[in-house]
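Reviewing the structure listed below.
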Amino acid sequence: MAEETVWGSMARRSLKAKLIGGLLLIVLVLGGVGIGSYIALRSVITQLNTMTETTIIANDLIAPALAIPEQLNQFFLLKKDESRQEISDNLAILQKDVDLLKTQVWDEDGAGLVDSLANIIQTYRERIDEAFNYLDKQQDSTAAAAAGDGADVKKIGGLVQNTIQGFHERSAEVKKTGGFIKDTVQELIATELNYYRKVKAMLDRRLNQLGFLILGILIVTAGLSTLLAGLYLTKITGTISRLAYAAQRIAAGDLRVEDVGVTSRDEIAILANSFNKMSENLQQLIGKIGASSAQVAVSARFLQESADQSTRASEQIAATIQQISLGATEQSHESQKTVDVVNELLAGNEKISANAGRVLETSEKATQAAALGNQKIAGLISQIGVIEEKFGAIQTVTDSLRQRSDEIGEILGAITQISSQTSLLSLNASIEAARAGEYGRGFAIVADEVKKLAEGSEQSVIDITQILEEIQRLSEQVAASILAGVKEVKNGNAVAQEARVAFQAIVNTSLEVEQQVKQMTEEIQKMVGEIKNVEGMSQTIATIAEESSASSEEVAAAAEEQTAGLEEILSSASTLSRMAVELRETVQQFSV
Numbered sequence: 001m002a003e004e005t006v007w008g009s010m011a012r013r014s015l016k017a018k019l020i021g022g023l024l025l026i027v028l029v030l031g032g033v034g035i036g037s038y039i040a041l042r043s044v045i046t047q048l049n050t051m052t053e054t055t056i057i058a059n060d061l062i063a064p065a066l067a068i069p070e071q072l073n074q075f076f077l078l079k080k081d082e083s084r085q086e087i088s089d090n091l092a093i094l095q096k097d098v099d100l101l102k103t104q105v106w107d108e109d110g111a112g113l114v115d116s117l118a119n120i121i122q123t124y125r126e127r128i129d130e131a132f133n134y135l136d137k138q139q140d141s142t143a144a145a146a147a148g149d150g151a152d153v154k155k156i157g158g159l160v161q162n163t164i165q166g167f168h169e170r171s172a173e174v175k176k177t178g179g180f181i182k183d184t185v186q187e188l189i190a191t192e193l194n195y196y197r198k199v200k201a202m203l204d205r206r207l208n209q210l211g212f213l214i215l216g217i218l219i220v221t222a223g224l225s226t227l228l229a230g231l232y233l234t235k236i237t238g239t240i241s242r243l244a245y246a247a248q249r250i251a252a253g254d255l256r257v258e259d260v261g262v263t264s265r266d267e268i269a270i271l272a273n274s275f276n277k278m279s280e281n282l283q284q285l286i287g288k289i290g291a292s293s294a295q296v297a298v299s300a301r302f303l304q305e306s307a308d309q310s311t312r313a314s315e316q317i318a319a320t321i322q323q324i325s326l327g328a329t330e331q332s333h334e335s336q337k338t339v340d341v342v343n344e345l346l347a348g349n350e351k352i353s354a355n356a357g358r359v360l361e362t363s364e365k366a367t368q369a370a371a372l373g374n375q376k377i378a379g380l381i382s383q384i385g386v387i388e389e390k391f392g393a394i395q396t397v398t399d400s401l402r403q404r405s406d407e408i409g410e411i412l413g414a415i416t417q418i419s420s421q422t423s424l425l426s427l428n429a430s431i432e433a434a435r436a437g438e439y440g441r442g443f444a445i446v447a448d449e450v451k452k453l454a455e456g457s458e459q460s461v462i463d464i465t466q467i468l469e470e471i472q473r474l475s476e477q478v479a480a481s482i483l484a485g486v487k488e489v490k491n492g493n494a495v496a497q498e499a500r501v502a503f504q505a506i507v508n509t510s511l512e513v514e515q516q517v518k519q520m521t522e523e524i525q526k527m528v529g530e531i532k533n534v535e536g537m538s539q540t541i542a543t544i545a546e547e548s549s550a551s552s553e554e555v556a557a558a559a560e561e562q563t564a565g566l567e568e569i570l571s572s573a574s575t576l577s578r579m580a581v582e583l584r585e586t587v588q589q590f591s592v
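Taking UniProt numbering, the leading residue of the sequence shown gets 1, the next gets one more, and so forth.
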């Protein structure tokens, strides 16, 4: 259970952490081996240093031990305090070196020799003190003997001789003890050298064992590291190889690859899972693109066909509008001719009115409101609606024109009757003038002029009637063309499928004619009033014809704009269809 927990924890670590952990483990093992080797070598070096220091310290005991007897003789002969101080210093050196030897000599034989050496040095010190005490005592005795009254030279000489002899005896003991110290030190050095020779042999064996142990640890560590690294790299490279194989299949267009399975939770697992997710998303994406490309291709073909039909319909509408514009222009010219004829007729009747008297002016109020609200809606549907609205306005104007032409015909009929009555009155006037004889000659001249005027008016009415018939004929042609144009516009709306007619006829033609006649006594004044009405109506007809021509031109321009827009739509639809086919061919390269 604990092992599974450890491996589970390692599996959850990242690839970087695993590599760092492995390297850290190797470093720790090698560091432990290095530290162990250092400690072992340090122990060996410490023991070798101890052996060397022991030999040096022991050897240093010989020189002070041999120097002290000479210094003691110098003190005895010269009585210098420096010699006594040097002896004291050498004794301190001997004691210090012995104490150091006690701390560094561990073997039993060497420790015994150090203890013996310490006892000898202690004896050495006692004998030196004894010599100093002896000299001090003898010096005091000699000084006392020399200081007394009647000093005995022989006695003093005997004391001196005894002192010298005693000092030599004691000096010999000190020198002998110094020799013991030298011998003991040399024995100690020999014993320690023998001991350290054994120790060195033992250390050599330990170093050899340690070397083999370190070599074994290094070999085992290198073997385990290589084995574990090989297993781990084999696992990683296996996963990467499967990923590379799957990636090659996807690159070749085969998306039917199986998921790459992994058991770890490191970056390789993240890479494999991400690759599996990418492959799945790519399959779904290519599938959706394939379905969408097919739908786009069908929609592009349908849009191309619809745009083609709309373009042909717009061209037909433009041709029809052009014909309507030509008819409206011709109608405008004919209406202008009618106005000219009516003006001539009005001028003649004004002469009659001047001769007959002042005719009460008739006020005419004629308001022609033709407001075409042209709202341009964006796109193809808006243009077709505008064309249909223009056709409706033209049809309304044409109907109004036909109605006004009928009214002009009625007025011309009334004028014809007035002309007939005027001719009859002129005939009656001529008869009465003939009866009157000489007195009726002036009246006969007036009657003859009236007859001529009536005949001229009748001829003018005939001319106006012919022009009016021509206008009516052209109006019927315009009406027929408008009906054909309306039919084409409706066909265009049917082709566009989404167009709807938004046409509201804003044509309110109101003509208020108020004729206030206070006195209508003569038939000629009635004829003048009717001719003025004819002149006003003719002017209205001309205005309507001009407006019809302008509206036709606007409709033609709108049709041309619509045709250009449809051609752009047709071009875009062709491009879209081609791109949809290319996209579908590209998608078919993948196997989903």
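The C-beta atom is built at its ideal place from N, Cα and C for all residues, glycine as well.
Treat the numbers as computed from the prediction; the structure is a model and nothing was measured.
When the Cα atoms are used, A252 and L285 turn out to be separated by approximately 17 Å. According to DSSP, residue pairing for E512 in a beta bridge involves K365.
Annotated three-state conformation of D254 is strand, per DSSP. In this structure, V185 lies away from L94, with their beta-carbon atoms at least 8 Å apart. DSSP places E530 within a helical segment (H, G or I) once states are collapsed to three. Membership of E70 in the alpha helix (DSSP H) is indicated by the continuous run 62-78. Burial is judged here by how many other beta carbons sit within 10 angstroms of a residue's own beta carbon; L188 has at least 16 and is buried. Assigned with DSSP and collapsed to three states, E498 falls in coil, not helix or strand. Boundaries for K518: no alpha helix (DSSP H) harbours it, and the DSSP string shows neither H nor E there. Taken in chain order, the unbroken stretches of alpha helix (DSSP H) that lie wholly in the stretch 96-166 and span 4 residues or more are 108-147. With 16 or more neighbouring CB atoms inside 10 Å of its own CB, I68 falls in the buried class. A distance below 7 Å between beta-carbons, with the five flanking residues on each side excluded, links E523 to the following residues of its chain, in chain order: I418, Q421, T422. Non-local beta-carbon contacts of G166 in its own chain, meaning distances under 8 Å to residues more than five positions away in sequence, involve Y134, Q138 in chain order. Distance between R301 and S577, taken at the CA atoms: about 6 Å.
Apart from sequence neighbours up to five positions away, the residues of its chain that approach R249 with a beta-carbon distance below 6 Å are V257, ordered along the chain.
With respect to the 8 Å criterion, I62 and K182 are classified as neighbours on the basis of their beta carbons. Around the beta carbon of Q383, 16 or more other beta carbons lie within 10 angstroms, which makes this residue buried.
In the three-state reduction of the DSSP assignment, E389 falls in the helix class. For V581, the secondary structure class from DSSP, reduced to helix, strand or coil, is helix.
Looking at V397, E530, L224, the one whose alpha-carbon comes closest to that of E547 is V397. Under the Cβ criterion (8 Å, minimum of three pairs), the stretch 407-417 counts as touching the stretch 461-480.
Leaving aside the five residues that flank V114 on each side, the residues in its chain whose CB is nearer than 8 Å to its CB run, in chain order, V98, L101, K102, V105, L188. E438 has its alpha-carbon roughly 47 Å from the corresponding atom of Q539. D259 carries a coil assignment under DSSP once its states are collapsed to helix, strand and coil.
Between the alpha carbons of L207 and K200 lies a distance of about 10 Å.
For the pair Q336 and I471, the Cα-to-Cα distance works out to about 11 Å. Taking every protein chain shown into account, the CB of A246 has 16 or more other CB atoms within 10 angstroms, so this residue is buried. With a contact defined as Cβ atoms closer than 8 Å, S430 and D448 qualify at about 7 Å. Under the 8 Å Cβ criterion, the stretch 162-177 does not count as touching the stretch 46-56, having fewer than three qualifying pairs. Taking C-beta atoms under 8 Å as the contact rule, S171 and N73 qualify, at a distance of about 6 Å. In summary, F75 is buried, with 16 or more beta-carbon neighbours lying within 10 Å of its beta-carbon over all protein chains present. A residue is called buried once 16 or more other Cβ atoms fall within 10 Å of its Cβ, and R127 is buried on that count. DSSP places G379 in the coil class of the three-state scheme, outside both helix and strand.
Around the beta carbon of A244, a 10 Å sphere encloses fewer than 16 other beta carbons of the protein chains shown; the residue is thus reported as exposed.
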